[in-house]
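Take a look at the structure set out below.
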Amino acid sequence: MTDIPFTAIGFDLDGTLLDTFRDLGEAVNHALKLGGFDPVPVDSSKDLIGGGAKIMLSRAVDAQGGMPRDDFHALYKQMLAYYSQHNAVHSRPYPGVIEALDQLAAQGVKMAVVTNKFEEFARSVLTQLDLADRFVTIIGGDTMGKGNAKPAPDPVIEARKRCEAAGANGRFAFVGDSTYDVNAAKAAGVPVVAAAYGYCDKPPHELGADAVIERFDQLLPALAAM
Numbered sequence: 120m121t122d123i124p125f126t127a128i129g130f131d132l133d134g135t136l137l138d139t140f141r142d143l144g145e146a147v148n149h150a151l152k153l154g155g156f157d158p159v160p161v162d163s164s165k166d167l168i169g170g171g172a173k174i175m176l177s178r179a180v181d182a183q184g185g186m187p188r189d190d191f192h193a194l195y196k197q198m199l200a201y202y203s204q205h206n207a208v209h210s211r212p213y214p215g216v217i218e219a220l221d222q223l224a225a226q227g228v229k230m231a232v233v234t235n236k237f238e239e240f241a242r243s244v245l246t247q248l249d250l251a252d253r254f255v256t257i258i259g260g261d262t263m264g265k266g267n268a269k270p271a272p273d274p275v276i277e278a279r280k281r282c283e284a285a286g287a288n289g290r291f292a293f294v295g296d297s298t299y300d301v302n303a304a305k306a307a308g309v310p311v312v313a314a315a316y317g318y319c320d321k322p323p324h325e326l327g328a329d330a331v332i333e334r335f336d337q338l339l340p341a342l343a344a345m
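Mapping the sequence shown onto my numbering, position 73 (from 1) lands on 192, and the numbers just tick up by one.
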């Protein structure tokens, strides 16, 4: 078993722990159809993920000419309503996730989820996949209040606090797949691992992370080397 020099680890959700693009993409397409826009290929939703569902839908709408703000807000609400009922149809943990979480738990490492997905949705997906109980806390994009989602450091700092890893003897690291994750971790002063297999919004080795992994089963060795 690889020894980890951290007492707690925080994880992004979409593109890091879970492959969620299909459910997110179908929610976007549901909203686009309601708004009179053309659907986008579901696979292309990987390029839209990052910063939360609102930004994801906004990018898809803007790519087709945009729409008035009030109309967009109504469409966004319809997307959320659909996603709330269809958020774990296709979403699954990446290969190696369960095994790595088991190994971390066996070493007494506390784990947290910090995502820009609404906390309600994050809890729903993780609960349906029987993963929610593995985490000390689940912090969503709305948990810390408006303006305090990633790339702000606040949710990462809060996750570290809730995992009781803020003291002199506690070490906290973060794992994510985007500039939102890396920038939040850096601003919080914690080491960060980039998940190159995820929905990276920049080339993985240009994200500025302390380490990069190509597969989730590379996480523990990467953490051990930090």
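C-beta: ideal position from N, C-alpha, C; glycine also.
- Contact between the segment 198-217 and the segment 236-249 is present: three or more C-beta pairs spanning the two stretches fall below 8 Å.
- Note on geometry: alpha-carbon atoms of D122 and R253 lie some 19 Å from one another.
- Under the three-pair Cβ rule at 8 Å, the segment 292-304 counts as touching the segment 263-274.
- The DSSP-derived three-state label of P214 is coil.
- Taking one beta carbon from each stretch, the segment 128-144 and the segment 213-224 have 3 or more pairs nearer than 8 Å; the two touch.
- Secondary structure at G154: coil, using DSSP grouped into helix, strand and coil.
- With a beta-carbon spacing of about 5 Å, V216 and F335 fall inside the 8 Å limit used to define contacts.
- A Cβ-Cβ distance of about 5 Å is found for the pair V312 and A330, placing them in contact under the 8 Å criterion.
- DSSP places L199 in the helix class (H, G or I) of the three-state scheme.
- Rounded to the nearest angstrom, the gap between the Cα atoms of Y316 and Q337 is 11 Å.
- Collapsing the DSSP output to three states places T234 in coil.
- Here L132 has V232, T234, K236 and A241 as same chain residues with Cβ atoms under 7 Å from its own Cβ, once five neighbours each way along the sequence are excluded.
- Per DSSP, T298 lies in no beta strand (DSSP E) segment; the continuous alpha helix (DSSP H) that holds it begins and ends at T298 to A307.
- Ranked by Cα distance from D138, the options D162, I258, P158 and P124 are led by D162.
- With contact defined as three or more Cβ pairs closer than 8 Å, the segment 170-182 and the segment 146-153 are in contact.
- Under DSSP, D138 shares a beta bridge with R211.
- Excluding five sequence positions before and after S210, the CB atoms of its chain that fall closer than 8 Å to its own CB belong to L137, D138, T139, R141, D142, V244 and L248, given in chain order.
- Counting only residues of its own chain and dropping the five nearest sequence neighbours on each side, E238 has a CB closer than 8 Å to the CB of I257, I258, G259, G260, D261 and T262.
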